[in-house]
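Visitor: This structure is in structure tokens; I'll ask about it shortly.
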Amino acid sequence: METRGLFTSIFGCLAMAALGFTFAFLTHSNAIFLDGVFSLVNFVMSLLMLAVSRLIKRNADNKFPFGYASFEPAFNVLQSMVMLGVMLMALSSAIAALYGDGRSLETGIATIYAIVACTGCLLVYLLLRRIARATGSPLIEVDAFAWLMDGILSGVVLCAFAFAWQFGELLGGWLPYVDSLLVIAMVAVMLPVPVRILYRNLMEVLLAAPAIPVQRSIRRAFRDAMHDIPGRDWSLSITKTGRAVYLHARILLPEDSRNASVEQADAWRELLTERMAEFVREREFDVVFTTDASYI
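Under this note's numbering, the first residue of the sequence shown is numbered 24, with each subsequent residue one higher.
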């Protein structure tokens, strides 16, 4: 089902890119051209995303002993950096146009484009949101959010183009600058999205701890899982990479359990692994029993 969502995004991006470049040529609009460039970039990134989605399902091997989950946040870092680069280039072009004579704009045709683009983006978003909820895929979730933002921005552009089309005479000498102002407004609204995606996924690449609510739920579950396992004290290190969570538990055994056999320790570990299966797989869960309090 995740693959179907990725193909939906791929064909949607290709269609929107073709639509954007066609209408950009007809209207001489840099705002529409920017939208087309974003769609083309998203098309290329969606193709890469398809390869990544297949890669992260592979089992761990000698080359990647902890699996391929880290490719997911690494890809999202790359995608957000590409988006930031395109936005900054568009921003510099729009600012340069403001200091010139602006740009002529076919507002009627631009309005038609905005209607089609807004409708198409929101339809793809609704499809991807349903798939993201069904699969729990971070890749589809990020992609769905990008389509939502694109749809909202297309709606804003629609309002601006429609106003300029119907009431252009009220704008007077500002009419040639509408397109550049729209580009600047689009960049200002969209900029926090790739910045937030970049920060969140970069933290995962750097093996930072997950969000506080995630940590709390995992620690609560681990505390419950320890209810009949001897442990005077324990500590739990948590890191999240893509959709994989890694746990490293250190358990301080009490005096009366310090002579427990290796078989007994294995039984406790298996029991903990079974009880924590909702959050982590066996290969991603390390349990260490110790009698050294300084290790906790």
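Just so you know, even glycine gets a beta-carbon here, dropped at the ideal spot from N, CA and C.
Taking only three categories from DSSP, how would you classify V105?
Guide: The count along the sequence shown starts at 1 and reaches residue 105 at position 82. In this structure, V105 counts as helix in the three-state DSSP scheme.
Visitor: Ordered along the chain, which non-local residues of its own chain (more than five positions away) have a Cβ less than 6 Å from that of G90?
Guide: For the purposes of this step, residue 90 is identified with residue 67 of the sequence shown, where counting begins at 1. So the list reads A83, once near-sequence residues are dropped.
Visitor: Looking at C-alpha atoms only, which residue of S284, I135 and F245 is the closest neighbour of A300?
Guide: As a working note, residue 300 is residue 277 in the sequence shown. The shortest Cα separation from A300 among S284, I135 and F245 belongs to F245.
Visitor: Which first and last residues belong to the alpha helix (DSSP H) in which L275 is found?
Guide: Looking up residue 275 in the sequence shown gives position 252. Not the alpha helix (DSSP H): L275 falls in the beta strand (DSSP E), residues A267 to L275.
Visitor: Going by beta carbon distance, what residues of the same chain come within less than 6 Å of R266, once the five residues before and after it are set aside?
Guide: For the purposes of this step, residue 266 is taken as the residue at position 243 of the sequence shown. Once the five neighbours on either side are set aside, the close Cβ partners of R266 are P161.
Visitor: Is T264 helix, strand or coil by DSSP?
Guide: Start at 1 with the first residue of the sequence shown, and residue 264 comes out as number 241. Note: T264 maps to strand in three-state DSSP.
Visitor: Can you name the start and end residues of the alpha helix (DSSP H) that V201 belongs to?
Guide: Here residue 201 is taken as the residue at index 178 of the sequence shown, counted from 1. Start and end: V201 to M213.
Visitor: Where I41 and Y136 are concerned, what is the direct C-alpha to C-alpha distance, given to the nearest angstrom?
Guide: The residue you call residue 41 lines up with position 18 of the sequence shown. The residue you call residue 136 lines up with position 113 of the sequence shown. The amino acid at residue 41 is misidentified as Ile; the sequence shows Ala. Near 12 Å, if we compare the C-alpha coordinates of Y136 and A41.
Visitor: In the region 128 to 159, which residue ranges form an unbroken alpha helix (DSSP H) of at least 4 residues, counting only runs that do not cross its ends?
Guide: As far as the region 128 to 159 is concerned, its whole alpha helix (DSSP H) runs of at least 4 residues are 130 to 158.
Visitor: Which residues does DSSP list as the beta-bridge partners of S325?
Guide: Residue 325 lies beyond the range of the chain shown here (24 to 319); nothing can be said about it.
Visitor: Leaving out the 5 sequence neighbours to the left and right, which residues in its chain are closer than 7 Å to A185 when beta-carbon positions are compared?
Guide: If you number the sequence shown from 1, residue 185 lands on position 162. Closer than 7 Å at the Cβ level, and outside the excluded window around A185, lie T134.
Visitor: Can you find the residues in the same chain that come closer than 6 Å, C-beta to C-beta, to L107, ignoring five residues on each side of it along the sequence?
Guide: For this step, residue 107 is matched to residue 84 along the sequence shown. Correct list, in chain order: P217.
Visitor: On a Cα-Cα basis, can you pick out the residue from V311, W291, K263 and L270 that is closest to D251?
Guide: Working through the sequence shown from its first residue, we reach residue 251 at position 228. The shortest Cα separation from D251 among V311, W291, K263 and L270 belongs to W291.
Visitor: Tell me whether T313 sits in a helix, a strand or coil according to DSSP, three-state version.
Guide: Start at 1 with the first residue of the sequence shown, and residue 313 comes out as number 290. In the structure shown, T313 sits in a strand (DSSP, three-state: E or B).
Visitor: On the three-pair Cβ rule with 8 Å, is the region 202 to 216 touching the region 65 to 80?
Guide: As far as the Cβ criterion goes, the region 202 to 216 does not touch the region 65 to 80, which means the pair count is below three.
Visitor: Tell me which residue opens and which closes the alpha helix (DSSP H) that P236 is part of.
Guide: Counted from its first residue, the sequence shown places residue 236 at position 213. It spans I235 to A248 - the alpha helix (DSSP H) in which P236 sits, taken as one unbroken run.
Visitor: How many Å lie between T262 and E95 at the Cα?
Guide: Taking the first residue of the sequence shown as position 1, residue 262 is located at position 239. Taking the first residue of the sequence shown as position 1, residue 95 is located at position 72. Between T262 and E95, the C-alpha separation is close to 15 Å.
Visitor: Tell me whether F87 sits in a helix, a strand or coil according to DSSP, three-state version.
Guide: Residue numbering aside, residue 87 sits at position 64 when the sequence shown is read from its first letter. F87: coil per DSSP, three-state reduction.
Visitor: How long is the line joining the alpha carbons of L171 and A117, rounded to whole angstroms?
Guide: Against the sequence shown, residue 171 aligns to sequence position 148. Against the sequence shown, residue 117 aligns to sequence position 94. L171 and A117: Cα-Cα distance of roughly 24 Å.
Visitor: Give a yes or no on whether the C-beta atoms belonging to V303 and L270 are separated by under 8 Å.
Guide: One-based indexing of the sequence shown puts residue 303 at position 280. One-based indexing of the sequence shown puts residue 270 at position 247. Yes, Cβ-Cβ distance for V303 and L270 is below 8 Å.
Visitor: Have a look at F98 and L145 and give me their C-alpha separation to the nearest angstrom.
Guide: By one-based count along the sequence shown, residue 98 stands at place 75. By one-based count along the sequence shown, residue 145 stands at place 122. Each residue's Cα considered, the two are about 24 Å apart.
Visitor: List, from N- to C-terminal side, the alpha helix (DSSP H) runs of 4 residues or more that fit wholly inside the region 278 to 302.
Guide: 285 to 298, all fully within the region 278 to 302.
Visitor: Rounded to whole angstroms, what is the Cα-Cα separation between A113 and A232?
Guide: Here the question's residue 113 lines up with position 90 in the sequence shown. Here the question's residue 232 lines up with position 209 in the sequence shown. Straight-line Cα distance between these residues: approximately 35 Å.
Visitor: Could you check which residue in A92, I33, A248 and N53 has the C-alpha nearest to that of N65?
Guide: On the sequence shown, residue 65 is found 42 positions in, with the first residue counted as 1. Comparing Cα-Cα distances from N65 to each of A92, I33, A248 and N53, the minimum goes to I33.
Visitor: Under 8 Å between the Cβ atoms of F61 and D166?
Guide: Against the sequence shown, residue 61 aligns to sequence position 38. Against the sequence shown, residue 166 aligns to sequence position 143. No. Outside cutoff.
Visitor: What residue does the alpha helix (DSSP H) around L73 start on, and which one ends it?
Guide: In the sequence shown, residue 73 corresponds to position 50, counting from 1. That run of the alpha helix (DSSP H) goes N53 to L78.
Visitor: Cβ of L339 within 8 Å of Cβ of V310?
Guide: The requested residue 339 is not part of the displayed model; the chain covers only 24 to 319.
Visitor: Based on the DSSP output, what are the partners of F308 in its beta bridges?
Guide: Counting from 1 along the sequence shown, the entry for residue 308 is found at position 285. DSSP, once it has assigned bridges, lists L270 as partnering F308.
Visitor: For D251, does the three-state DSSP call read helix, strand or coil?
Guide: For the purposes of this step, residue 251 is identified with residue 228 of the sequence shown, where counting begins at 1. Reduced to three states, the DSSP call for D251 is coil.
Visitor: Under the three-state reduction of DSSP, which class applies to G123: helix, strand or coil?
Guide: Counting from 1 along the sequence shown, the entry for residue 123 is found at position 100. Coil.
Visitor: Let me make sure I understand the geometry here. Which of M213, F308, E227 and L57 has the alpha-carbon closest to that of S93?
Guide: Reading the sequence shown from its first residue, position 70 is the one you call residue 93. For S93, the nearest C-alpha among the options comes from E227.
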